[in-house]
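Residue 119 in the numbering used here sits at position 114 of the sequence shown; the count goes up by one each step and never skips.
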Amino acid sequence: MHKDNSNPIASVTVGYKVGSKDERKGLHGIAHLFEHMMFQGSKNIRKNEHFGHVLRSGGSCNAFTMQDATVYFETLPSNGLETALWLESDRMNSLNITEENLENQKSVVLEEKKQVFDNAPYGNMFNDVFRNLFPGSGYEHSVIGTVQDITSFSVEGAMNFHRNFYSPSNSVLVITGDINYGITENLVRKYFDGLRTNYEISRRPNVIAPVENSIVEDHYDNIQLPAINICYQVPAAGSHEEYALDYFSEIMANSESSRLYKKFVYEEKLVRSLGIMNYPLANSGALMIKAYVNPGIDVTLVREKLMNEVKLFADEGCSEREFEKVRNSLEFSSIAKHLKVQNIAIETVFNHLNFENAMRINEDSERYLSVKKNEISEVVKKHVVDANSVVINYLPANATLKTNEAENR
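What follows is the structure, given as C-alpha cells:
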C-alpha cells in the first residue's frame, strides 16, 4: 500500500505472474484472451458489469497483457475503494467461464489481431523481432497468439488456465492513493481472505538461448516508407546494463537533439524518423534500433551508416555534456512518473513480480545516477557492436512488383 492524500483518488491494481511466456504449445494467445475474459462476469457480477460498477463510481478501469505478466487496474474516487476490491476478488475467485463468453471473446481477439497486427502497416514487426531474437523460448511467440490456437481454445482449457494462474499465490495487490492503512487492510482481508489458492503452479521453463548467427529478414507489405529494425538480445530487467542502455538510447536517438536524429533526419535526410527502444524482460531483454527510411534510399546503406555511428559511440563514448544532459533527464523522469498513483501501482507490481521487492521503486533514480560515463560505451560494445543481430526490414510491396516487371522485360 502507498498512501497519498493529496487528491481524493485511489488506485487498485492486481498483477498476475502469467504472460505469454507461460503459454504452452497450442495455447498461444490464451493469456491475452483471459484479459478479455476477466470482464465477462463472475459469481456476483453480471457480464460486462465490471465496467459499469467502476463507471458509476466515477472511475475508470483497464488491463494489459505482456510477456511476463497480466495487469488489471481501477482508478476511482477513494470512496469507491471497496467496490474495486470486491470486483477484483470476485473475478479472481469465481470467473464466469462459459462457452458463450469464450466464443464471444475469441471473435473480439481475432478482430483485434486483424486490426492491430495483420492489417496494420508494420503491424507484425515487433512479433517478427521476437520470433528471431528468442527462438525456442517463451518470448518467441506473440502475445496476441495465432488464429489456429485462439479458435481452438476450449472451456476446459480456459478453466484450467484460470485455476492454475489466477490465485492469490500468483498475484500481487497494490493499493495507492487517498487511503487509510488500517481501514484498507481490513477491506483487503474482508474480500481476499479465504479465496481459493494454488501453491503448486505448473509453469513452463523459459530458457533463453543466445543468438548464434546474425539474421536479416525482409518482409514486403502495403506500406509507403521502408522500415528497418536492428535488434539485439540484452540483459534482463533490473540489471545495471539496463540503466546504461537507457543512457545510450537517449543520447543516440530518442530526441530531436540526439546524435542519430540530427545526422540522419535533419542533415543527411536519409530517414523520416528513428528511435531506440530498450525493452527489458524478466528473463532477458531486447534493444531495437528502428528507422523509417525515406523513399528511394537503400535500407542496407542506412543500416550500415547507423551501425557505423553505434561503433563510433562504442569506441569513443559520449561527451561530458551529453552524459550530464541525459543523466538529468533520466533522473527527472524517474521521479516525475511517480506523481501519478496509477504509475506507482504498476511499477510496484512489476518490482514485486520480477524481484519480490516492491521498494525498488524508490531506487530508480539512484540506479541511473550510479551509471558511469565509460560504462555506457563498454555495455554497447559488449551487447551491441560485438553481438549478433536480428535485422527486420519492412519494404513496400510495390518494390517487388517493380523488380518482377523489370526482370520480365
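Glycine included, each C-beta is placed from N, C-alpha and C at the ideal position.
Checklist line | Residues of its chain near Tyr-196, where Cβ-Cβ distance is below 6 angstroms and the 5 sequence neighbours each way are ignored | finding: Annotation for Tyr-196: Leu-90, Trp-91 and Ser-94 place their beta carbon closer than 6 angstroms to its own, counting only its chain and skipping 5 residues before and after.
Item checked: Residues near Ala-68 by beta carbon distance below 6 angstroms, same chain, minus five either side -> If we look at Ala-68 and ignore the five residues flanking it on each side, its Cβ neighbours are Glu-40 and Tyr-77.
Check: For Tyr-248, which residues from the same chain have a beta carbon less than 6 angstroms from its beta carbon, with the 5 sequence-adjacent residues on both sides left out?
Finding: Same-chain partners within the cutoff: Arg-372, Tyr-373 and Val-376.
Note to self: Three or more C-beta pairs under 8 angstroms: does that hold for the segment 198-205 against the segment 159-172?
What the structure shows: These segments touch.
Next item on the list: Apply the 10 Å Cβ neighbour rule to Lys-418 and answer buried if 16 or more other Cβ atoms are within range, or exposed otherwise.
Entry: Here the chain covers residues 6 to 414 and nothing more, so residue 418 does not appear.
Check: What do you get for Ser-142, buried or exposed, if any count of 16 or more other CB atoms within 10 angstroms of its CB means buried?
Finding: It is buried - the Cβ of Ser-142 has at least 16 other Cβ atoms within 10 Å.
Next item on the list: Can you give me the start and stop residues for the alpha helix (DSSP H) that Phe-269 sits inside?
Entry: Per DSSP, Phe-269 belongs to no alpha helix (DSSP H) and is neither H nor E.
Check: Are the Cβ atoms of Pro-401 and Tyr-225 separated by less than 9 angstroms?
Finding: Cβ atoms of Pro-401 and Tyr-225: closer than 9 angstroms.
Check: Is it buried or exposed for Tyr-252, if we count other Cβ within 10 angstroms and need 16 for buried?
Finding: Classification of Tyr-252: buried, given that the 10 Å Cβ count is 16 or more.
Checklist line | Rounded separation between Lys-8 and Asn-234 - CA only | finding: Looking at the two C-alpha atoms, the distance is approximately 42 angstroms.
Next item on the list: Note down the Cα distance separating Ala-232 from Asn-132, rounded to an integer number of angstroms.
Entry: Distance between the alpha carbons of Ala-232 and Asn-132 is about 15 angstroms.
Notebook entry, point to check: Ser-382 and Gly-290: beta carbons closer than 9 angstroms?
Noted result: No, Cβ-Cβ distance for Ser-382 and Gly-290 is not below 9 angstroms.
Check: From what residue to what residue does the beta strand (DSSP E) around Asn-283 run?
Finding: Note, Asn-283: beta strand (DSSP E), 276-285.
Notebook entry, point to check: Whose C-beta lies closer than 8 angstroms to the C-beta of Ala-392 among residues of the same chain, with five residues either side of it excluded?
Noted result: Val-216, Tyr-237 and Gln-238.
Next item on the list: Give me the Cα-Cα distance between Leu-86 and Val-17, rounded to the nearest whole angstrom.
Entry: Leu-86 and Val-17: Cα-Cα distance of roughly 7 angstroms.
Check: Does the segment 152-169 touch the segment 316-334, meaning 3 or more C-beta pairs lie closer than 8 angstroms?
Finding: With the cut-off at 8 angstroms, the segment 316-334 and the segment 152-169 do not touch.
Check: Thinking C-beta only, is Asn-283 closer than 9 angstroms to Lys-26?
Finding: No, the Cβ-Cβ distance between Lys-26 and Asn-283 is not below 9 angstroms.
Notebook entry, point to check: Taking the DSSP output, what are the residues bridged to His-7?
Noted result: Partner(s): Thr-181.
Next item on the list: Please go through the same chain and pick out, in chain order, the residues whose beta-carbon is closer than 7 angstroms to the beta-carbon of Tyr-21, but skip the five residues on each side of it.
Entry: Here the set comprises Ala-74, Thr-75, Phe-170, Tyr-171, Asn-175 and Ser-176.
Checklist line | Check whether Asn-288 and Ile-206 have beta carbons under 9 angstroms apart | finding: Their beta carbons are not under 9 angstroms apart, which means Asn-288 does not touch Ile-206 by this criterion.
Notebook entry, point to check: How is the beta strand (DSSP E) around Ile-294 delimited, first residue to last?
Noted result: First-last of the beta strand (DSSP E) with Ile-294: 290-298.
Next item on the list: Indicate the three-state DSSP secondary structure (helix, strand or coil) for Asp-226 in the structure shown.
Entry: DSSP places Asp-226 within a strand segment (E or B) once states are collapsed to three.
Notebook entry, point to check: Can you tell me where the beta strand (DSSP E) with Glu-93 in it begins and where it stops?
Noted result: Premise fails: Glu-93 lies in the alpha helix (DSSP H), 86-98, not in any beta strand (DSSP E).
Next item on the list: Would you check whether the ligand COA has a heavy atom nearer than 8 angstroms to the C-beta of Asn-203?
Entry: Looking for the ligand COA in the displayed structure turns up nothing, as the structure carries no ligands at all.
Next item on the list: Would you decide whether Ser-339 is buried or exposed? Buried here means 16 or more other CB atoms lie within 10 Å of its CB.
Entry: The residue in question, Ser-339, is buried, as its Cβ has 16 or more Cβ neighbours within 10 Å.
Notebook entry, point to check: Where in the segment 326-408 do unbroken runs of the beta strand (DSSP E), each at least 3 residues long, occur, reported from the N-terminal end onward?
Noted result: With a minimum length of 3 residues, the continuous beta strand (DSSP E) runs that stay inside the segment 326-408 are 395-401.
Check: Quick one, which of Glu-28, Tyr-297, Glu-105 and Arg-326 has its alpha-carbon nearest Lys-432's?
Finding: Only positions 6 to 414 of the chain appear in this structure, which leaves residue 432 out of reach.
Check: Quick one: complete beta strand (DSSP E) runs, 3+ long, within the segment 145-207?
Finding: Counting only runs of 3 or more, we get 176-182.
Check: Thinking just about the alpha-carbon of each residue, which of Asn-185, Thr-151 and Arg-96 is nearest to the one in Tyr-122?
Finding: Looking at the sequence shown, residue 122 is not Tyr but Phe. Residue Thr-151 is the option with its Cα nearest to Phe-122.
Note to self: Quick test of your reading: His-33 and His-146, contact by CB under 8 angstroms. State the CB separation rounded to the nearest angstrom.
What the structure shows: So it is a contact: roughly 5 angstroms between Cβ atoms.
Margin query: Tell me whether the segment 42-51 and the segment 98-112 touch, counting them as touching only if at least three CB pairs, one residue from each stretch, are closer than 8 angstroms.
Written below: Result yes; three or more Cβ-Cβ pairs closer than 8 angstroms.
Note to self: Can you look up Gly-57 in the DSSP assignment and give me helix, strand or coil?
What the structure shows: Gly-57: helix per DSSP, three-state reduction.
Note to self: In whole angstroms, give me the CA-to-CA distance for Ser-244 and Ala-319.
What the structure shows: In this model, Ser-244 and Ala-319 are separated by some 19 angstroms (Cα to Cα).
Checklist line | Where the alpha helix (DSSP H) through Val-114 begins and ends | finding: Per DSSP, the continuous alpha helix (DSSP H) segment holding Val-114 begins and ends at 104-118.
Notebook entry, point to check: Are the beta-carbon atoms of Glu-314 and Met-364 separated by less than 9 angstroms?
Noted result: If you check the CB distance, Glu-314 and Met-364 do not come in under 9 angstroms.
Next item on the list: Can you tell me the Cβ-Cβ gap for Ile-114 and Leu-38, rounded? I've got them flagged as a contact below 8 angstroms.
Entry: Here residue 114 is Val; the residue named in the question, Ile, does not match the sequence. Under the criterion of beta carbons closer than 8 angstroms, Val-114 and Leu-38 qualify as touching, at roughly 5 angstroms.
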